[in-house]
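Residue numbers (this note's numbering), protein chains in the order written: chain Y, 1 to 239; chain B, 240 to 660. All C-beta atoms in this analysis are idealised placements derived from N, C-alpha and C, irrespective of residue type, glycine included. Shown next, in structure tokens, is the structure this report addresses.
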Amino acid sequence: MWQQVKQALVDSTTRFLTRFVSLLPGLAALIVALFLSAILAWILAAIARRLLTSLHFDERLARRGFASPAESSPMNSPTRLVSRSLAALVLLSGFLIGIAAFDFQWTSLFIQSIIAYIPNVLAACLLLFVGNIVARFIARSVLIGAVNLNLQYARFLSIGIKWLVIVLTVAMALEHLKIAPGVVELAFGILFGGIVLSLALAVGLGSKEFVTKSLERDVQKAPGEPRSEPVEEDPLRHL
Amino acid sequence: METEAIPQLVQEQIDSADLVVGLIAQFDSDILAKTYSALQALPDPLRIAVVDNGQAESEALAKPLADETESTAAAKNRATVFHLASPWTKPEAGAPGVRMAAAYESVFAVAEKLKARGCCVIASSLENVTPGWAWQLAEPLFQGEVDLVLPHYARRKFEGLLNNGIIAPLLRALYGKRVNNPMGPDFAVSQRLLQKMLAAKTSRSVNGSRRHPLASLTPTALCENLQLAEVHLGPRIYAPVDWTGLSSVLADVLGPVFLDMERNAPCWQRTRASATVRTIGEPVILDTDAGSVEAARMVESFQLGNRELQEIWALVLPPSTLFELRKLARLSLEQFHMPDELWVRIVYDFALAHRLRTINRDHLLRSMTPLYLAWVASYAQDVKASGVASPERRLERLSVAYEVGKSYLVSRWRWPDRFNP
């Protein structure tokens with residue numbers, strides 16, 4: 001009896017050690033892959049940072065309506081964001097290579113599903129990028145137009161429009177990533193509707209006096225009746 | 240009111256003309272008929288081709304009165320007037336600036352095709368255009384060695400402010416000639432200048448953008464060392480100001496001017512000081528009472544712009560200018576005064592930002608509107624404070640400030656990154 005127990009224990013220890021030893025090359029490969037990818041990521045990030053700094057990437061983006069360098073600290077400048085994203089991408093690739101070294105069925109399935117998901121991630125990133133540019137361009141157009149129309153709530157209008165576009169873009173990106181599509185749809189509807197309602201209320205309340213005056217003027221004046229008060233013509237001529 | 244029909248119009252294919260007259264504005268048939276009569280009554284036996292926007296065809300050409308041929312006109316030693324069908328096909332398409340440019344180019348193309356010695360364009364509302372305007376403008380082309388005849392309108396103090404505040408003093412400082420209306424819009428050009436403009440149009444353009452005929456008119460003539468003259472034409476009627484469209488007007492007008500500045504940089508960087516141009520005719524004095532201007536509204540617009548557009552202006556203007564603007568925004572209406580030097584630097588900085596494409600060009604020009612209104616308000620306050628005879632002196636002071644500030648422009652133009660006070 002004791003002999004049998006001893007044999008079972010030896011067998012299980014042998015099996016465990018055999019499996020563990022068979023894992024070791026994969027583990028070593030994972031560590032080496034992570035180590036190499038970390039070095040590569042650091043080098044690439046440094047190159048990217050230097051290149052983008054020499055190209056005045058932050059200033060160029062600021063000119064196109066992205067956060068100006070004054071607003072963003074050096075720790076989260078666009079240059080740093082790009083270089084860190086690049087480093088993270090290299091590290092992720094190293095991790096996937098290391099995982100693949102284990103040569104298990106589940107690791108290959110895992111990698112296959114990740115690779116199949118990459119186009120969705122890229123499309124979502126592209127959507128976010130384009131959406132951000134469009135949102136900022138439209139926001140700037142609205143801000144300038146509203147200021148030139150002498151609207152006191154120009155800034156609010158501009159920010160509202162910007163967030164409308166950003167919310168729409170994020171919803172589209174999440175839809176593309178297939179992350180909780182039902183929740184995204186619902187959240188998008190609530191957020192979008194909320195922004196539109198708050199904009200409508202703000203503009204409506206802000207223009208209340210203007211609309212009242214305009215309506216009063218129209219009601220007081222019968223159709224076809226000439227204007228009772230002579231209107232002094234503005235002598236300004238720009239051209 | 241019964242309209243006077245257009246007399247003797249020979250509508251046929253012609254292969255040459257001495258003068259091409261382009262009528263671009265909307266007009267009524269009475270004025271049109273008088274203009275035709277005035278041209279026909281010219282003492283010189285010229286062949287004059289009139290190009291209009293097509294209205295004459297429908298309203299007047301349907302009932303020609305006289306039946307006079309070229310030979311009888313020549314026998315009487317008078318001008319022969321030909322009518323050409325409208326060369327521009329879609330007058331309603333595109334933005335106003337684009338439509339105007341297309342109309343001018345069409346008239347120029349007709350003049351080139353007919354090998355005309357001169358080309359005159361009338362673009363002002365014909366309500367106040369006297370029938371003699373066309374010949375007043377064109378005559379110096381035939382009488383003397385003049386290549387570009389520009390109008391000198393009689394203006395009240397609040398008329399033509401965009402021209403007086405930016406375009407005329409800017410081009411005076413750049414090209415060294417004191418021209419009152421460098422962009423017309425009514426003018427006459429010689430065959431020589433026309434050929435140079437058409438050649439420049441077909442040559443390589445800056446960033447692939449098209450030349451605007453009005454913006455490149457005076458700079459081309461001055462850079463090619465051609466002769467200019469101004470003619471006193473009297474008052475001009477202006478369309479009422481549309482406050483909502485002011486930013487579009489700024490973008491439409493200043494865009495081509497800044498583009499042309501970029502093209503002619505080698506030419507204007509050589510020019511120093513300014514000289515007067517020959518003026519023909521007697522100036523017309525208008526009554527100076529031009530009403531009052533609501534400066535408060537313009538100051539409010541500027542203050543709103545100063546509050547909300549700082550992030551855009553900060554990309555265009557140096558910190559010292561932004562500081563000055565912040566100080567200006569805190570002043571009350573009574574104290575409101577924008578120094579000429581500040582305004583001149585703003586205009587120069589916007590021209591530079593337009594060249595460097597610091598931000599989208601349309602955004603850039605439209606964001607200038609509150610600053611322009613601040614200048615207009617300051618000008619209105621100055622003119623109001625200093626009396627009747629002051630507008631000319633006030634504008635002359637501004638023009639001198641543009642000339643003095645040119646060194647700043649040249650420095651920033653040559654070293655945009657290094658020179659940033």
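Proximal residues to residue i (C-beta, below 7 Å), its chain only, five neighbours per side dropped
i: B/Val259; result: Ala288, Val290, Val346, Val349, Ala350, Leu353, Ala355 and Cys358
i: B/Gly494; result: Arg600 and Leu604
i: B/Asn503; result: Pro458 and Cys462
i: Y/Gly98; result: Ala29, Leu30, Ala33 and Leu34
Chain B within 9 Å of residue i, Cβ atoms only
i: Y/Phe129; result: no
i: Y/Phe57; result: no
i: Y/Phe102; result: no
i: Y/Phe137; result: yes
CB contact check: residue i to chain Y, cutoff 9 Å
i: B/Leu561; result: no
i: B/Ile598; result: yes
i: B/Ser486; result: yes
i: B/His602; result: yes
i: B/Ser345; result: no
i: B/Thr457; result: no
i: B/Ser617; result: no
i: B/Thr502; result: Inspection of the sequence shows that residue 502 of chain B is occupied by Arg rather than by Thr. With 9 Å as the cut-off, B/Arg502 does not count as an interface residue toward chain Y.
i: B/Arg651; result: no
i: B/Ser638; result: no
i: B/Arg338; result: no
i: B/Ser629; result: no
i: B/Ser513; result: no
i: B/Pro495; result: no
i: B/Ser606; result: yes
i: B/Pro609; result: yes
i: B/Arg569; result: no
i: B/Arg536; result: yes
Residue from the options whose Cα sits closest to the Cα of residue i
i: B/Tyr587; options: B/Glu642, B/Gln430, B/Ala514 and B/Leu389; result: B/Glu642
i: B/Leu380; options: B/Gln574, B/Leu465 and B/Val337; result: B/Leu465
i: Y/Leu61; options: Y/Ile133, Y/Phe16, Y/Leu127 and Y/Tyr153; result: Y/Ile133
i: B/Ala460; options: B/Gly415, B/Phe497 and B/Leu610; result: B/Gly415
i: B/Val492; options: B/Ile406, B/Asp386, B/Asp283 and B/His602; result: B/Ile406
i: Y/Ala33; options: Y/Asn150, Y/Val90 and Y/Ala135; result: Y/Val90
i: B/Glu463; options: B/Val418, B/Asp386 and B/Leu281; result: B/Asp386
i: Y/Ala124; options: Y/Phe137, Y/Lys178 and Y/Ser141; result: Y/Lys178
i: B/Leu410; options: B/Asp269, B/Arg450 and B/Cys506; result: B/Cys506
i: B/Phe397; options: B/Met339, B/Leu525 and B/Met500; result: B/Leu525
i: B/Gly261; options: B/Ser429, B/Ala373 and B/Pro630; result: B/Ala373
i: B/Ile361; options: B/Ser531, B/Trp582, B/Asp499 and B/Ala264; result: B/Ala264
i: B/Tyr343; options: B/Leu278, B/Pro522 and B/Pro424; result: B/Pro424
i: B/Ala535; options: Y/Leu36, Y/Asn150 and Y/Val184; result: Y/Asn150
i: B/Ala454; options: B/His322, B/Glu501, B/Glu533 and B/Leu278; result: B/Glu501
i: B/Lys566; options: B/Arg596, B/His322 and B/Ala613; result: B/Ala613
i: B/Ile598; options: B/Ala640, B/Leu637 and B/Ala553; result: B/Ala553
i: B/Ala341; options: B/Gly404, B/Val320 and B/Arg450; result: B/Arg450
i: B/Val516; options: B/Lys273, B/Lys623, B/Val649 and B/Asn419; result: B/Asn419
i: B/Met422; options: B/Asn402, B/Lys435 and B/Ser429; result: B/Asn402
Neighbourhood of residue i by C-beta distance below 6 Å, restricted to the same chain and skipping five residues each side
i: B/Lys645; result: Ala412
i: B/Val615; result: Leu400 and Met537
i: B/Leu432; result: Asp386, Leu387, Ala460 and Leu465
i: B/Phe497; result: Ala590 and His593
i: B/Val428; result: Cys358 and Leu387
Chain-order list of residues whose beta-carbon lies under 8 Å from that of residue i (same chain, five-residue window excluded)
i: B/Ala568; result: Phe541, Gln542, Asn545 and Arg546
i: B/Glu384; result: Gln466
i: B/His602; result: Ile551
Members of the stretch 140 to 168 of chain Y that neighbour chain B once the beta carbon cut-off is set at 9 Å: Under the 9 Å Cβ criterion, the stretch 140 to 168 of chain Y contributes Arg140, Ser141, Leu143, Ile144, Gly145, Ala146, Val147, Asn148, Leu149, Asn150, Leu151, Gln152, Ala154, Arg155 and Ser158.
At a CB distance below 8 Å, what residues from the stretch 405 to 437 of chain B approach chain Y? Give them in sequence order. Using a CB distance below 8 Å, no part of the stretch 405 to 437 of chain B faces chain Y.
For the stretch 538 to 556 of chain B, list every residue whose C-beta sits within 9 Å of some C-beta in chain Y, in sequence order. Against chain Y - using a Cβ distance shorter than 9 Å - the residues of the stretch 538 to 556 of chain B are Glu539, Ser540, Leu543, Gly544, Arg546, Glu547, Leu548, Glu550, Ile551, Ala553 and Leu554.
Indicate whether the contact test is met: 3 or more Cβ pairs, each with one atom in the stretch 30 to 49 of chain Y and one in the stretch 78 to 92 of chain Y, closer than 8 Å. The stretch 30 to 49 of chain Y, when compared against the stretch 78 to 92 of chain Y, does touch it at the 8 Å Cβ threshold.
Would the stretch 109 to 121 of chain Y and the stretch 143 to 151 of chain Y be scored as touching if the rule is three or more Cβ pairs under 8 Å? They do not touch, by the three-pair rule.
Under 8 Å: do the stretch 505 to 521 of chain B and the stretch 545 to 563 of chain B share three or more Cβ pairs, one atom per stretch? Fewer than three pairs of CB atoms, one per stretch, sit closer than 8 Å, so the stretch 505 to 521 of chain B makes no contact with the stretch 545 to 563 of chain B.
Hey, is the stretch 570 to 586 of chain B in contact with the stretch 156 to 169 of chain Y, meaning 3+ C-beta pairs nearer than 8 Å? In short, these stretches do not touch, since the Cβ pair count stays below three.
Validate contact between the stretch 465 to 474 of chain B and the stretch 389 to 404 of chain B using beta carbons, cut 8 Å, 3 pairs: With the cut-off at 8 Å, the stretch 465 to 474 of chain B and the stretch 389 to 404 of chain B touch.
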